[in-house]
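J.: Have a look at the structure that comes next, please.
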Amino acid sequence: MSPYVALIADALSPQAVQVLTRDGAAEVRHVDGTDRPALLAALAEADAVLVRSATRIDAEALAAAPRLKVVARAGVGLDNVDVPAATAAGVLVANAPASNVVSAAEHAVALLLAVARHVPQAHSALKDGRWARSSYTGVELAGKTLGVLGLGRIGSLVARRLAAFDMEVIAYDPYADPEHARSLGVRLTSLDELLARAQFLTVHLPLNERTAGLIGFDAFQRVRTDLRIVNAARGGIVDEQELYAALKEGRIAGAALDVYAQEPCTDSPLFELDNVVTTPHLGASTPEAQERAGTQAAESVLLALAGMPVPDAVNAPRDASVPAR
Ligand SMILES: NC(=O)C1=CN([C@@H]2O[C@H](COP(=O)(O)OP(=O)(O)OC[C@H]3O[C@@H](n4cnc5c(N)ncnc54)[C@H](O)[C@@H]3O)[C@@H](O)[C@H]2O)C=CC1
Ligand SMILES: O=C(O)CCC(=O)C(=O)O
301 MSPYVALIAD ALSPQAVQVL TRDGAAEVRH VDGTDRPALL AALAEADAVL VRSATRIDAE
361 ALAAAPRLKV VARAGVGLDN VDVPAATAAG VLVANAPASN VVSAAEHAVA LLLAVARHVP
421 QAHSALKDGR WARSSYTGVE LAGKTLGVLG LGRIGSLVAR RLAAFDMEVI AYDPYADPEH
481 ARSLGVRLTS LDELLARAQF LTVHLPLNER TAGLIGFDAF QRVRTDLRIV NAARGGIVDE
541 QELYAALKEG RIAGAALDVY AQEPCTDSPL FELDNVVTTP HLGASTPEAQ ERAGTQAAES
601 VLLALAGMPV PDAVNAPRDA SVPAR
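Taking this note's numbering as reference, the numbering of the sequence shown is continuous, increasing by one, and the terminal residue is 625.
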């Protein structure tokens with residue numbers, strides 16, 4: 301029997317269990333991480349916890365987990381894990397940074413096409429028995445300027461795909477390698493130029509104190525009236541109240557959102573607007589992405605439990621060595 305308990309707290313791909321139980325490496329237990337009392341109880345015996353995005357691993361959860369050595373996030377964003385608290389508690393944190401980026405990029409492209417051509421609205425109208433062709437005239441992408449905010453893994457994949465639609469692609473990312481941008485056919489610009497020129501804007505930033513509200517009141521004063529915004533990164537980077545005001549007043553043409561400041565989000569004034577397309581944080585929701593994310597998270601857990609270096613670790617806690625039990 302394995303000495304280690306690996307707790308799966310969100311729905312992960314079955315491949316994660318296969319990896320964790322390989323050669324009896326760990327005993328796998330499951331808990332619904334959104335059931336807080338159940339999570340805290342289950343953490344008491346966990347050596348590792350694997351999460352997607354619903355389970356919050358914060359200071360309270362870490363305090364309830366005296367044996368915990370590693371938190372593995374089956375995906376990119378670590379917004380639901382308190383990394384500094386984990387580091388202070390000697391717990392290693394790893395994500396799966398490349399696992400779901402193709403799915404997320406494809407979803408951003410799907411949203412952009414949907415908002416350009418009113419696909420969901422026309423679909424709903426027709427299913428309601430209305431042949432409303434004149435209500436749903438769209439716009440072409442070819443020849444339009446796409447602004448990419450954040451030319452990292454996902455932003456780069458989106459840029460490459462939309463360049464193939466004959467869009468002119470510009471990007472704002474002060475940390476991007478100009479050579480990488482050139483190889484994608486992307487011109488790096490200032491934020492001012494991007495806001496002034498973009499007819500489509502797609503957001504691929506992490507949410508942090510510098511990016512929260514980056515697309516807010518000031519930004520909406522400087523954009524074109526034919527701008528359509530896509531946010532499949534994190535809610536809160538585009539200020540939802542200011543977005544609502546800009547759409548309602550006709551200062552921009554449309555928006556497509558996969559992410560929200562508060563999730564789950566089932567009720568928002570934005571949902572009442574005709575020129576808004578919404579999905580419930582579906583960017584990573586494909587079996588391909590989930591298989592990679594679950595497998596990579598589980599591999600990180602095994603490395604951490606074996607006291608080996610974890611390539612996808614995002615912290616380096618001093619006390620992360622695993623005591624023999
Ligand atoms: N909707 C979904 O299901 C998914 C959403 N995501 C989210 O997508 C976002 C992007 O993910 P990745 O591309 O993997 O991240 P990444 O780390 O590869 O790229 C982020 C880019 O943003 C740039 N950046 C950081 N701060 C900036 C600033 N203040 N101004 C301009 N650029 C800045 C960085 O230089 C980097 O190139 C993240 O928020 C992630 O959590 C990721 C996967 C799925
Ligand atoms: O569906 C998920 O697991 C969330 C995906 C995501 O937003 C991320 O990996 O950052």
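Glycine included, each C-beta is placed from N, C-alpha and C at the ideal position.
Every value quoted in this text rests on a predicted model; they were computed, and no experiment measured them.
So is PRO623 buried or exposed if we call it buried at 16+ other beta carbons inside 10 Å?
T.: Along the sequence shown, one-based indexing puts residue 623 at 323. Only weak support exists for where PRO623 lies, its pLDDT of 47 falling under 50; the value from the coordinates is given anyway. When all chains shown are included, PRO623 counts as exposed.
J.: For GLY554, report the span of its alpha helix (DSSP H) as first-last.
T.: The residue labelled residue 554 in the question sits at position 254 within the sequence shown. Where GLY554 is concerned, there is no enclosing alpha helix (DSSP H), although the beta strand (DSSP E) it sits in stretches over 554-557.
J.: Using the three-state DSSP reduction, which class does THR595 fall into: helix, strand or coil?
T.: Numbered from its first residue, the sequence shown carries residue 595 at position 295. Three-state result, THR595: helix.
J.: Alpha carbon to alpha carbon, how far is ALA553 from SER302?
T.: On the sequence shown, residue 553 is found 253 positions in, with the first residue counted as 1. On the sequence shown, residue 302 is found 2 positions in, with the first residue counted as 1. Their Cα atoms are separated by approximately 57 Å.
J.: Compute every distance between the C-beta of ALA410 and the non-hydrogen atoms of ligand 2, then say whether any falls below 6 Å.
T.: Reading the sequence shown from its first residue, position 110 is the one you call residue 410. Flag unset: Cβ of ALA410 not near ligand 2.
J.: Assuming the contact rule is C-beta atoms closer than 8 Å, LEU446 and ALA498 should be a hit. Round their C-beta distance to whole Å, please.
T.: Here the question's residue 446 lines up with position 146 in the sequence shown. Here the question's residue 498 lines up with position 198 in the sequence shown. With a beta-carbon spacing of about 7 Å, LEU446 and ALA498 fall inside the 8 Å limit used to define contacts.
J.: DSSP puts ALA394 in a beta bridge; with which residues?
T.: Position 94 of the sequence shown, counted from the start, is the residue given in the question as residue 394. ALA394 is bridged to ALA372 and ALA613.
J.: Using the beta carbon as the reference atom, which residues fall closer than 5 Å to any heavy atom of ligand 2, ordered along the chain?
T.: The filter returns ARG352, SER353, GLY375, VAL376, GLY377 and ALA584, in chain order.
J.: Give the secondary structure of GLY535 by DSSP, where H, G and I count as helix, E and B as strand, and everything else as coil.
T.: Counted from its first residue, the sequence shown places residue 535 at position 235. Coil.
J.: Could you tell me whether any non-hydrogen atom of ligand 1 is closer than 6 Å to the CB of ALA372?
T.: One-based indexing of the sequence shown puts residue 372 at position 72. Checking the Cβ of ALA372 against ligand 1 gives no.
J.: When DSSP labels each residue in this structure, what does LEU320 get in the three-state scheme?
T.: Residue mapping note: residue 320 aligns to position 20 of the sequence shown, counting from 1. Note: LEU320 maps to helix in three-state DSSP.
J.: Tell me whether VAL439 sits in a helix, a strand or coil according to DSSP, three-state version.
T.: Counted from its first residue, the sequence shown places residue 439 at position 139. VAL439 falls in the coil class under three-state DSSP.
J.: Below 7 Å CB to CB, which residues in the same chain sit around VAL538 once its five sequence neighbours on both sides are set aside?
T.: The residue labelled residue 538 in the question sits at position 238 within the sequence shown. Contacts found: VAL503, ILE515, ILE529 and ASN531.
J.: What number of angstroms, rounded off, separates the C-alpha of ILE357 from the C-alpha of VAL317?
T.: Translated into positions along the sequence shown, residue 357 becomes position 57. Translated into positions along the sequence shown, residue 317 becomes position 17. About 20 Å.
J.: For GLY450, which residues in the same chain have their Cβ closer than 6 Å to its Cβ, ignoring the five residues on either side in sequence?
T.: Taking the sequence shown and counting its residues from 1, one reaches residue 450 at position 150. The beta carbon of GLY450 sits closer than 6 Å to those of ASP473, HIS504 and LEU505, all from its chain and outside the five residues before and after it, given in chain order.
J.: Is it the case that the CB of PRO506 approaches a heavy atom of ligand 1 more closely than 6 Å?
T.: Locating residue 506 in the sequence shown gives position 206, where the first residue counts as 1. PRO506 Cβ: within cutoff of ligand 1.
J.: Report buried or exposed for VAL448, applying the criterion of at least 16 other Cβ atoms within 10 angstroms of its Cβ.
T.: Numbered from 1 along the sequence shown, position 148 holds the residue referred to as residue 448. VAL448 is buried by the Cβ-count criterion.
J.: Going by the CB atoms, is the gap between TYR304 and ALA326 shorter than 7 Å?
T.: Start at 1 with the first residue of the sequence shown, and residue 326 comes out as number 26. Start at 1 with the first residue of the sequence shown, and residue 304 comes out as number 4. In contact: ALA326 and TYR304 (Cβ atoms closer than 7 Å).
J.: Let me confirm a value: ARG373 is counted as buried when at least 16 other C-beta atoms fall within 10 Å, else exposed. Which label applies?
T.: Residue 373 sits at position 73 when you count from the first residue of the sequence shown. With 16 or more other Cβ atoms within 10 Å, it is buried.
J.: Would you say GLU542 and PHE520 are within 7 Å of each other, going by their C-beta atoms?
T.: Against the sequence shown, residue 542 aligns to sequence position 242. Against the sequence shown, residue 520 aligns to sequence position 220. Yes, these two residues count as a Cβ contact at 7 Å.
J.: Report the option in GLU440, ALA425 and HIS330 whose CA atom is closest to the CA atom of ARG433.
T.: Start at 1 with the first residue of the sequence shown, and residue 433 comes out as number 133. Nearest of GLU440, ALA425 and HIS330 to ARG433, Cα basis: ALA425.
J.: Let me confirm a value: GLN562 is counted as buried when at least 16 other C-beta atoms fall within 10 Å, else exposed. Which label applies?
T.: Here residue 562 is taken as the residue at index 262 of the sequence shown, counted from 1. Looking at its Cβ environment, which holds fewer than 16 other Cβ atoms inside 10 Å, GLN562 is exposed.
J.: Quick check on the DSSP output: what are the complete beta strand (DSSP E) runs of length 3 or more inside the segment 334-389, in order along the chain?
T.: 348-351 and 370-373
J.: Pull up the distance between the alpha-carbon of GLY535 and that of ALA346, whole angstroms please.
T.: Indexing the sequence shown from 1 puts residue 535 at position 235. Indexing the sequence shown from 1 puts residue 346 at position 46. Their Cα atoms are separated by approximately 31 Å.
J.: Could you check the C-alpha separation between LEU340 and GLU360 for me, to the nearest Å?
T.: On the sequence shown, position 40 is the one that residue 340 refers to. On the sequence shown, position 60 is the one that residue 360 refers to. LEU340 and GLU360 have their C-alpha atoms roughly 8 Å apart.
J.: Please return the same chain residues whose Cβ sits closer than 7 Å to the Cβ of THR355, not counting the five positions on each side in sequence.
T.: For the purposes of this step, residue 355 is taken as the residue at position 55 of the sequence shown. Correct list, in chain order: ALA309, ASP310, GLY333, THR334, LEU339 and ASN380.
J.: Can you check whether the CB of GLY583 is closer than 7 Å to the CB of HIS407?
T.: Here the question's residue 407 lines up with position 107 in the sequence shown. Here the question's residue 583 lines up with position 283 in the sequence shown. Closer than 7 Å, so yes.
J.: Which same chain residues, not among the five before or five after GLY438, have their C-beta less than 7 Å away from its C-beta?
T.: Within the sequence shown, residue 438 is the residue found at index 138, counting from 1. Cβ within range, chain order: ALA416, ARG417 and HIS418.
J.: Closer than 6 Å to a non-hydrogen atom of ligand 3 - does that hold for the CB of GLY333?
T.: With respect to ligand 3, the structure offers nothing, as its ligand set consists of ligand 1 and ligand 2.
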